[in-house]
Amino acid sequence: MGTRDTGKRCDEIRPLLSDAALGQLEGAALEALEAHLATCRQCARRADEIAEALELLDAAPSVAPSAGFDESLALRLRTERTAEVRQQVGVFALLAVLLRRARRFELGAAVYPLVLMAMSYVLWAVITRDGGYPVAVRDDGGGGGRLMLWEGRPRPDSRSQELLMEKLAEGEGTVGEDAFARSELPAEPSDLLPRHVVEPQPVEPPAREHPEPRTPQELEKWPEPPRQPAPAPMLRVGGSALAQSRFADIRTSGAHVHRAISGALVWLERNQEKDGSWRAVDARTGAKPAPTPGDYSDVEVTAAGALAFMESGFTPHGTGDASRSLRRALTWLLRQQGADGLFAPAGKRQIEAQAMVCLALSEALRLADSETSVRRFRPAVEQALGALVKRQGSGGGWGTDAPDLTIMALMATSAARAAGLAVDPAAQDSALAWLDAYRAQNRSPGIVQASREPTAAVAKGLSFAPLGRVLATVEAQADSEAAAEALAGLREAPVVWQSGECFRWYAATLAAYRLNGRFWQEWRSDLVCQIVGRQEGLLRAARLPAQRGSWEPVGASKGAGRAYATAAAVLSLAASCGHSPLYGGAR
Amino acid sequence: MTTIKSDAELMLEFQAGSEAAFNELVARYKTPLLNFFFRLSWDRQFSEDCCQEVFCRLFRHRKDYVPSASFATYVYRISRNLWIDRYRVRQTTPAPVSLDAEAVEDGDSFGAFVRAETADPSHGVEVADEINRVRRALDSLPPALKETLVLVKYQGLKYAEAADALGVPVGTVRSRIHAAIEQVRSMLEAEAKGVRD
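Here the protein sequences line up with chains A and B, keeping their order. The opening residue of the first sequence carries number 0 in my numbering; numbering runs sequentially from there. The opening residue of the second sequence carries number 3 in my numbering; numbering runs sequentially from there.
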């Protein structure tokens, strides 16, 4: 074969080198290629280079499905099946109703089927249409606007909810008609009233700027989408004077905190059970945990959820969906109280649940705007508090290990006092004395050196214990010895979100807020970074669309589930707003 | 002797109502689909989400399946369309921000992934370098070339199957593959030249 002939053959052969390397060539074409490579050094060298390139690409890592993949897929498929069944049942039921009613009309026999078919089609189209879209309010003039969840609209489907989350994240919307319900708005025209209602786009996705490429030429010209500017803060304060002042505090915490809290409350409302509770679901298995000692109860999770709504500025007497969600949770909680005043069964973090419920119900009592509400909550709080104090140890503490439980109980008693209930000061004093004794005892070198393993927990307890004095009283103690110790404790052992110690986050943030000053700025900055940065779907891609707005339970809170982790995150973020009953927040 | 059913047979059984057939399809395709999305996005969580969405779409539109082409082609066509949709959203959504640079979670950081996948620490650095080179090579390709290369090289589709999945002629698939490999080869050549210099 001559040089010229080889060169010509090389031009024909070279395009086949990649095909052969990828196993796309076979038969006579492959034989011809191999024969050529045996005689042509240039093509053989090129074949080696291509092989080297493919060898590099072979090193691309592969992944295996995670442990929870099958389970989450099963969950999604179950949702799909349920939606299908509902559609079918709805259509059949309507047909049956229409058939009965059509018999009343004196029409020719041939007309009945046509009428039925037409009516069935219309009604099926109505039923299966997408639900109304959620409404959010934004003010452009620095005045009012508030988060109102689906005011006066049909409950949106999951696609609408996803779009709401996207809109909340992006701050998009169009100016539309004044479309929200009136009852949660201020009645007086002098109150700040948002003039612009921002409504997210309807459920149908917006038209694409560039249609899906259908030809190779279109695909080759597929443009890079432009980078979007950072979204402007979306929600402002509005509504009643109380709501304005309360939500303004959240707003001043920063747009990202604002957005994170909004997204979380949307998720909580959407994932509330029909009876008004939030379930403690084991994040590891997706199933309700077995009733063993130390497990979180639905009571504790629901109380945390209710408190999260109240700390964010919503009240039980509002009429929006958020207030309705809060009311349902409080109603469910009240139903769980036993004759002995306790809420959770024995052994299931009973005292923790009791303290959390006391916090939530005390706040609800403090926010009560009518005698009816006061009569509704007051007896329950009194009985709950009595049951809690009855379980105080003889030494003054609740529990014997870490100071967490005692601090929770202290916060509960302070909240009850802020709600106007008479709390025996001896209970609080003895609890504080217990915390002092805990610190003194565990600082003893003998105990610290006994073994390595308990030291970390003891060290955490030692850093947490001083917070008791800061959280137990309302008056400023910025210069007190207790405040200084608490500050030192928080600096030594900052809470890490991955630990899952949600309540510590909340309590420590409240304490840091009380201590104020430069340390509070540092704490808050760290808090926002750690918490907001881990919210699903707003700053980080959500694992599943349905989880957008929530937080994954981690560490110690895995047994409590996603609702608890989300409520705890909201509590921590909103703690800086001063609504907490521990500070006698504004009514 | 147990007869192994083809993917198309399983899909037809699933159309007829057999959930076991669908579960078998999931078992066969979940890892390949996961890796398809992973090599396009390098985001494990995102990839799992996309992979599950593909199965949901298979479920939702099971009545529409017609066994005219290979099932793999059908699945990858769905996957590729989903990828186009999600790619657009990812480009317009603010990139996930790791506000806490020290906290590395599984799947959130490519570096963490590399560390997790490296069994022997003594080879960890080499493996990490190699994986980073691969990632650079793949990410340097235009989207059209990259998805074609992933389908053919990693998912093992023939040119005709890839063409069907992408909705382009076979010749376009060939030219894209050539262009992709040429680009990777040029990258290697440039790196080698840079080392020598």
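Backbone N, C-alpha and C define an ideal beta-carbon position, used for all residues, glycine too.
Neighbourhood of residue i by C-beta distance below 6 angstroms, restricted to the same chain and skipping five residues each side
{"i": "A/SER119", "result": "LEU94"}
{"i": "A/VAL422", "result": "THR412, ALA415, ARG416"}
{"i": "A/VAL388", "result": "ALA426"}
{"i": "B/ASP131", "result": "none"}
Simplified DSSP state of residue i, which is helix, strand or coil
{"i": "A/GLU551", "result": "coil"}
{"i": "A/LEU486", "result": "helix"}
{"i": "A/GLU500", "result": "coil"}
{"i": "A/GLU272", "result": "coil"}
{"i": "A/GLU54", "result": "helix"}
{"i": "A/GLU25", "result": "coil"}
Beta-carbon neighbours of residue i, restricted to chain B and to distances below 7 angstroms
{"i": "A/PRO552", "result": "Near A/PRO552 there are no residues of chain B at all, since even the closest Cβ is about 13 angstroms away, more than 7 angstroms."}
Under 9 angstroms from the C-beta of residue i: neighbouring residues of chain A
{"i": "B/LYS155", "result": "LEU21, LEU53, LEU56, ASP57, ALA59"}
{"i": "B/ARG41", "result": "ALA59, PRO60, SER61"}
Cutoff 7 angstroms; reference residue i; Cβ partners in own chain excluding five residues on either side
{"i": "A/GLY1", "result": "Any reading at A/GLY1 is ruled out, since the residue's pLDDT is 40, under 50, leaving its predicted position unreliable."}
{"i": "A/ALA587", "result": "The structure shown does not extend to residue 587 of chain A, since chain A is modelled only from 0 to 586, so the question has no answer here."}
{"i": "B/ALA71", "result": "ASP166"}
{"i": "B/VAL152", "result": "PHE38, ARG41, LEU42"}
{"i": "A/SER311", "result": "ILE249, ILE260, LEU264, VAL569, ALA573"}
{"i": "B/ARG135", "result": "none"}
{"i": "A/CYS9", "result": "CYS39, GLN41, CYS42"}
{"i": "A/THR301", "result": "SER276, TRP277, ALA328, TRP331, LEU332"}
Contacts that residue i makes with chain B (C-beta to C-beta distance below 8 angstroms)
{"i": "A/PRO14", "result": "ARG176, HIS180"}
{"i": "A/ILE613", "result": "Because chain A spans 0 through 586 in this model, residue 613 of chain A falls outside it and cannot be assessed."}
{"i": "A/ARG438", "result": "Per Cβ cutoff of 8 angstroms: no residues; A/ARG438 is ~30 angstroms from chain B at best."}
{"i": "A/GLU11", "result": "Near A/GLU11 there are no residues of chain B at all, since even the closest Cβ is about 14 angstroms away, more than 8 angstroms."}
Interface partners of residue i on chain A, CB under 7 angstroms
{"i": "B/VAL56", "result": "Ordered by position in chain A, no residue passes the 7 angstroms Cβ test against B/VAL56, which lies about 10 angstroms from the chain."}
{"i": "B/LYS160", "result": "GLN23"}
{"i": "B/PHE61", "result": "LEU76, GLU79"}
{"i": "B/ARG46", "result": "VAL62"}
Chain B residues whose Cβ lies nearer than 9 angstroms to that of residue i
{"i": "A/GLU70", "result": "Within 9 angstroms Cβ-Cβ: nothing; A/GLU70 doesn't reach chain B, min ~11 angstroms."}
{"i": "A/SER276", "result": "Near A/SER276 there are no residues of chain B at all, since even the closest Cβ is about 28 angstroms away, more than 9 angstroms."}
{"i": "A/PRO64", "result": "LYS32, THR33, LEU36, GLU50, CYS53"}
{"i": "A/SER324", "result": "Ordered by position in chain B, no residue passes the 9 angstroms Cβ test against A/SER324, which lies about 27 angstroms from the chain."}
{"i": "A/SER17", "result": "ARG176, ILE179, HIS180, ALA182, ILE183, GLU184"}
Expected contact under 8 angstroms - CB spacing of residue i and residue j to nearest Å
{"i": "A/ALA418", "j": "A/LEU364", "result": "4 angstroms"}
{"i": "A/CYS501", "j": "A/TYR563", "result": "7 angstroms"}
{"i": "B/LEU147", "j": "B/ALA182", "result": "4 angstroms"}
{"i": "B/CYS52", "j": "B/PHE73", "result": "Not a contact, Cβ separation roughly 18 angstroms."}
{"i": "A/LEU384", "j": "A/THR405", "result": "Contact doesn't hold; Cβ gap of about 15 angstroms is too wide."}
{"i": "A/GLY396", "j": "A/ALA430", "result": "6 angstroms"}
{"i": "B/GLU55", "j": "A/SER65", "result": "Their Cβ separation, rounded to whole angstroms, is 16 angstroms, which puts B/GLU55 and A/SER65 out of contact at 8 angstroms."}
{"i": "A/THR508", "j": "A/ALA574", "result": "4 angstroms"}
{"i": "A/VAL351", "j": "A/GLU272", "result": "Just to set this straight, residue 351 of chain A is Glu in the shown sequence, not Val. The pair is not a contact, with the Cβ atoms about 21 angstroms apart (cut-off 8 angstroms)."}
{"i": "B/ALA139", "j": "B/VAL186", "result": "5 angstroms"}
{"i": "A/GLY548", "j": "A/GLY536", "result": "6 angstroms"}
Cutoff 8 angstroms; reference residue i; Cβ partners in own chain excluding five residues on either side
{"i": "B/LYS65", "result": "GLN17"}
{"i": "A/ALA46", "result": "LEU16, ALA19, ALA20, LEU36"}
{"i": "A/GLU11", "result": "none"}
{"i": "B/TYR161", "result": "VAL154, VAL172, VAL175, ARG176, ILE179"}
{"i": "A/GLN382", "result": "GLN336, GLY340"}
{"i": "B/LEU84", "result": "CYS52, GLU55, VAL56, ARG59"}
Residue i: contacting residues in chain A (beta-carbon distance under 8 angstroms)
{"i": "B/ILE133", "result": "ALA58, ALA59, PRO60"}
{"i": "B/VAL77", "result": "Here the premise fails: no neighbours, minimum Cβ distance about 15 angstroms."}
{"i": "B/LEU143", "result": "Near B/LEU143 there are no residues of chain A at all, since even the closest Cβ is about 11 angstroms away, more than 8 angstroms."}
{"i": "B/LEU140", "result": "LEU56, ALA59"}
{"i": "B/LEU84", "result": "Near B/LEU84 there are no residues of chain A at all, since even the closest Cβ is about 12 angstroms away, more than 8 angstroms."}
Chain C residues whose Cβ lies nearer than 7 angstroms to that of residue i
{"i": "B/VAL136", "result": "The structure shown has no chain C; the protein chains it does contain are A and B."}
Practice problem: Check each residue of the stretch 79 to 98 of chain A: if its Cβ is closer than 7 angstroms to any Cβ of chain B, include it; give the result in chain order. | Solution: Flagged, chain order: GLU79.
Practice problem: Compile a chain-ordered list of the residues in the stretch 334 to 351 of chain A whose CB is closer than 7 angstroms to at least one CB of chain B. | Solution: Of all residues in the stretch 334 to 351 of chain A, none is placed with a Cβ closer than 7 angstroms to any Cβ belonging to chain B.
Self-check item: Under 8 angstroms (Cβ pairs) to chain A, residues found in the stretch 8 to 27 of chain B
Solution: Answer in chain order: no residues at all.
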